[in-house]
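Protein chains in written order, with our numbering: chain A, 1 to 244; chain B, 245 to 488; chain C, 489 to 732; chain D, 733 to 976; chain E, 977 to 1220; chain F, 1221 to 1464.
Note that the Cβ used here is the ideal one computed from N, Cα and C, for glycine as well.
Structure record follows, encoded as structure tokens.
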């Protein structure tokens, strides 16, 4: 098989990843994450209230909202606020982000608080949801650190790291971290969320063209595992930087 | 490991499956499917129009909508029409059903037509989306058969069979076809859509509690493969019956 | 006048009526009612809360919601949840059902509870709202019986039986219980709700073509009275069956 | 029976009725109608277009919209535009107004035009829908007269007069034209729409308290017939006035 | 410069202004205001509740809502309640009315109450928002007078008079109180709200055609000052009339 | 008067202004503008279609949409897309931006095209609407330059420069370019839009506390004139940079 990726990357190569903390100043956590030309602003906002269904249980909640600026994409999309509501794709993505991030939180240790992760895509080039999860994790850590200091919490509510990447089969070749040129031409597209212990949090694979075989799935999962290892390292490096 | 399922089923045992064709009389295809106490009415409606984005391309489209009657569940849920719109869960599910069924259709052979699969849950006991996909496939076949006769189509637009099942890890035990009692207590929940050639169409796995390991995923996929084989057989048996 | 009804029925003849109790298992009352090919699933759901405007008054409330599955009809109708709200026809019908059923309830005896009657049309062939009222009454009785046992109520909140039927003038002939073929071709269409004491609860007559005269109205009311007598008998027969 | 009406009116006495034509200057027909303290502004607007479902059939359509100013009533109601949509009561009423007025129009003679009757309640004291129908008829006649002159139509699209009144049983006494004090305390409330030939267009009776008997219904219909005769006379008198 | 206004008015001449108090009977204040053919019904409704964000602060609030009857204008506009929400122009105007009227109220003296000013345009001929503000002030005074009597308030919450007028440059000529014929053809349009002490509350100027120069702005402000003086006098005259 | 601004700026001093062109890569024009800590991403998107009301007239249109990321502000605001629509403030601002930018465009020269200016606030610290207008102008120039090259236009549709600034009275002192600390404590707040010829496009002044006098208004307009001169210079400097 002799397939060249449009970007010239090796099949198991991520795009350049940057994680810029404290990108805006109001949010408790604020991260601009880039996977190549995909840029997502992730903020974590803490509110001192339990959601209705958890009131009085001493537990907190983590939730997410996702949006795309109208011209984050190649042709302008209608603004969801102007159209009167969020579409199905948006809801699907923000539910995925929320579920994924809840997997690294101890909700008892968080206490009766809600943390909302807002992931807004400034520029899209494929993989916006996986970049969002990867960046939102760092914003969440920053927000929780602030909270622990401010409220003098004893236990750290963060119980592990979470990152995500897409994998897919492009012209027969299993590849890591699809950009838009690949994404719009691939047969199978899979988003994988894992923790830093190598456990799976979410696996969402879709055959866009032909159904995929078990051995292809195995190849994709191996690529994802490799990519997420590198993303977790990038998160750690970003968090290691002390910022005033 | 000595875990008993609430229903007493073996870990690789489906609930009783029934597929009743021609359940209502107006739709081109109309199927009442049951996976145990989960009952979903699936209708296939044909319209002679291309969706806007396919106009003039000579291709058709298959789409799906999903709904739950307000008291299909244990406690009454608010009617989505009264609440003013479909929620995130509904959108996520109907997008999954539509993508899955498009995987067994040759859209050129279908011609400039839209087939809408309406999947309405009359009674819910876990696995409504997988029952919906499995039943909707049969409704789709009935509708396409009618269309082929009526329009004298030369090529069959149906290019394979599609079925779906849920699998999960219940108290440490990988099990097939979760009912509500299991679903609400399981650690990992995975919906798998496959075709009759053993290819994967969709895999959506979620760690509800602990992250799942690669070997657990392998066990779940094997269970799904077995279950879908039986569901495809049930679809064939139902379709083999001649009905006047 | 020598008019034959499309169905061959006599002018004062109902369609075959069936009332199937306990059709689904979650609701406190659940009835599948058929007037010929019109099939409506009626569930009664009890909630232990007073609506806001009755709080603290010791009274309950009965309300109704109505829906049609998108392909209950000959051509597919847009799903109201997808369209973003209930249309005028739906609202008109569910207000009628709610008002009608409240006429057989002693709201003091019910106590601070809300009973919601969901009437969802699985298949439509004319007369869906009258079938809904007739079936919802039986679901309401089942729900209230359960409530009386569970809560050990002393007084029965049900104070009479309620049934409904449509009447109309088809090609000059007053006829009972219009099916769709008649409904779409009749000059006058009247929905009548009565109690088992022969009292009128609702009369809604509309001249679709020519205005109707007083003597025509008298003929229609007489037909309705006969039909409702038979429907009340069918309700009693259904309720007389002991079901485990 | 010795019941006095709150207003001191005789049981078969209408409130003072006024019909002021050309109340605003932009609409093709514009009428301020009063039934006592109930005041409704009815405008008729002509547009030279067929609705989608009548395109190319050479027929027109008459439709109605109804609204209440937020403080037309004793306590302020939320503005429907601010709440995000029309409620069930509004939809029910505007559907009734539209159906009623279509009963006096020859849609072929109207040609491919839409006439919209906007009925906006400036002040409410019971009977707003019947006042609206009675006033809208006069606005419709004015609009059609203008249209006939402007377009040189040969046939008059108006084929009769339409008026409406409410009747009800107040403390056991059948009374004509209920005001708010009666309406909120009556057992049975019936809205009757008739044409000037004595034919019924709509009859909508509701038992608010006890079910009503056949003889009560007969008494109510007789009162309605008397009242509508007087309203048709008032419409004629208003239309006889030449206005520049 | 030799420009004639379409109405023949002098450049600094208001249209005839009428202020009719107690126009409807339910509202605490109810005024029909006319600026020429522009007619707006302004009602003031008092509710004994603080808005959520002022609860427990002992302060009140004044807010406004604006609407146009669908046929207040030359061609029929869609009803905002039917369209599903208020448009941008409506929101802009009602926010302006609310802000303006709050400028003449001492919110501590008002106490925990909300006064809602509903301004509904019955007929539009330019200047609806300035007529609305001018009329709403009178309705507000009437409502507050009633409140002071009823609740025996010691301090008058009204701390000054507020009126508004539009000014603009029509064919090069600065003119006062634009009607629709001028408004739709002018280069600059400015709405000015002032109090009776000559202070500015709001100035909203828009260059519709060419940008306006500082000297033009000065001329417009002088015209507005003159017009508002006359409007405040008209308000005083209307309020001086004792009405039972 | 001895008032110090919270930021220590002189009363006639702008915050540091930066204008970063080509901030994102898909839009025809894309500018990140900062007025101090206020940061707005402005994109200009060109579509080759006339809006409905201009079809066939050979003219184009410029429109704007405005949004705030939920955590652009000190406390998180609800996402407008999730709430189901744009609020009054958003509509007011985007209407202002659109009107302002249309003042520098020759719509005949633009031809049948729509340019949409999306102004999304990444971080808010007062003056978001004036920053948006100032940045959107630069994005518009970039988009139009691209269009002229691509379509070989003969006439430049841009007919002047547009910039905007806020002015206000803070503790009695007229000041230029209010930041949030000043904005939330000022008596009068005025947004001024001017062109590079010194003409006024929009003046929107609001008395938040006491009404403002004519001499205060004069002082504010003089400050605005000075500030806009500097902003136009900053725009020119940014546009003078050649970027590949």
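Could you tell me which chain C residues have their CB closer than 9 Å to the CB of residue i, listed as they occur along the chain?
i: residue 250(B); result: Those do not exist, as residue 250(B) stays about 16 Å from chain C at its closest Cβ, beyond 9 Å.
Taking residue i as the query, report the chain C residues whose CB atoms sit under 8 Å from its CB, ordered along the chain.
i: residue 782(D); result: Result: empty, since nearest Cβ-Cβ is about 20 Å, beyond 8 Å.
Does DSSP classify residue i as helix, strand or coil?
i: residue 1205(E); result: helix
i: residue 605(C); result: strand
i: residue 526(C); result: strand
i: residue 342(B); result: helix
i: residue 752(D); result: strand
i: residue 479(B); result: helix
i: residue 60(A); result: coil
i: residue 948(D); result: helix
i: residue 433(B); result: strand
i: residue 990(E); result: coil
i: residue 389(B); result: helix
Taking C-beta pairs closer than 7 Å, name the residues in chain C that residue i reaches, listed in chain order.
i: residue 387(B); result: Correct list: empty, because the minimum Cβ distance to chain C is about 11 Å.
i: residue 427(B); result: By Cβ distance, chain C contributes nothing, its closest Cβ being about 15 Å from residue 427(B), past 7 Å.
i: residue 271(B); result: 559
How big is the Cα-Cα spacing for residue i and residue j?
i: residue 552(C); j: residue 277(B); result: 27 Å
i: residue 1435(F); j: residue 1200(E); result: 16 Å
i: residue 973(D); j: residue 667(C); result: 48 Å
i: residue 1295(F); j: residue 1423(F); result: 29 Å
i: residue 1282(F); j: residue 576(C); result: 38 Å
i: residue 986(E); j: residue 1189(E); result: 22 Å
i: residue 680(C); j: residue 862(D); result: 21 Å
i: residue 608(C); j: residue 558(C); result: 11 Å
i: residue 1233(E); j: residue 326(B); result: Summary: the structure shown does not reach residue 1233(E), with chain E confined to residues 977 through 1220, and so no result is reported for it.
i: residue 1409(F); j: residue 1401(F); result: 13 Å
Would you mind telling me which residues of chain A sit closer than 9 Å to residue i, beta carbon to beta carbon, in chain order?
i: residue 350(B); result: Going along chain A, no residue has its Cβ under 9 Å from residue 350(B), so there is no contact; the nearest lies around 12 Å.
Which bits of chain B does residue i rub up against, with CB to CB less than 8 Å?
i: residue 195(A); result: 455
i: residue 639(C); result: Simply none; closest approach about 17 Å.
Show which residues of chain D have a CB atom less than 9 Å away from the CB atom of residue i.
i: residue 1092(E); result: 802, 803 and 808
Leaving out five residues on either side along the sequence, give the residues of the same chain with a beta carbon under 7 Å from the beta carbon of residue i.
i: residue 139(A); result: 29, 30, 31, 42, 43, 44 and 117
i: residue 77(A); result: 68 and 70
Counting only Cβ pairs nearer than 8 Å, list the residues of chain E close to residue i.
i: residue 1354(F); result: In chain order: nothing, as chain E lies at least about 16 Å away.
i: residue 1323(F); result: 1183 and 1187
Quick one: which chain B residues come within Cβ less than 9 Å of residue i?
i: residue 610(C); result: 267, 268, 285, 364 and 366
How should residue i be labelled, buried or exposed, when 16 other C-beta atoms within 10 angstroms of its C-beta is the threshold for buried?
i: residue 544(C); result: exposed
i: residue 141(A); result: buried
i: residue 1226(F); result: exposed
i: residue 471(B); result: buried
Ordered along the chain, which non-local residues of its own chain (more than five positions away) have a Cβ less than 6 Å from that of residue i?
i: residue 734(D); result: none
Which residues in chain D have a C-beta closer than 7 Å to the C-beta of residue i? List them in chain order.
i: residue 1062(E); result: 813 and 814
Show which residues of chain A have a CB atom less than 7 Å away from the CB atom of residue i.
i: residue 343(B); result: 206
Quick one: which chain E residues come within Cβ less than 7 Å of residue i?
i: residue 1395(F); result: Within 7 Å Cβ-Cβ: nothing; residue 1395(F) doesn't reach chain E, min ~18 Å.
Could you tell me which chain F residues have their CB closer than 7 Å to the CB of residue i, listed as they occur along the chain?
i: residue 1071(E); result: 1308 and 1312
Spatial neighbours of residue i within its chain, please: C-beta separation below 8 Å, excluding the five flanking residues on both sides.
i: residue 1388(F); result: 1394, 1395, 1398, 1402, 1403, 1406, 1407, 1408, 1409, 1410 and 1440
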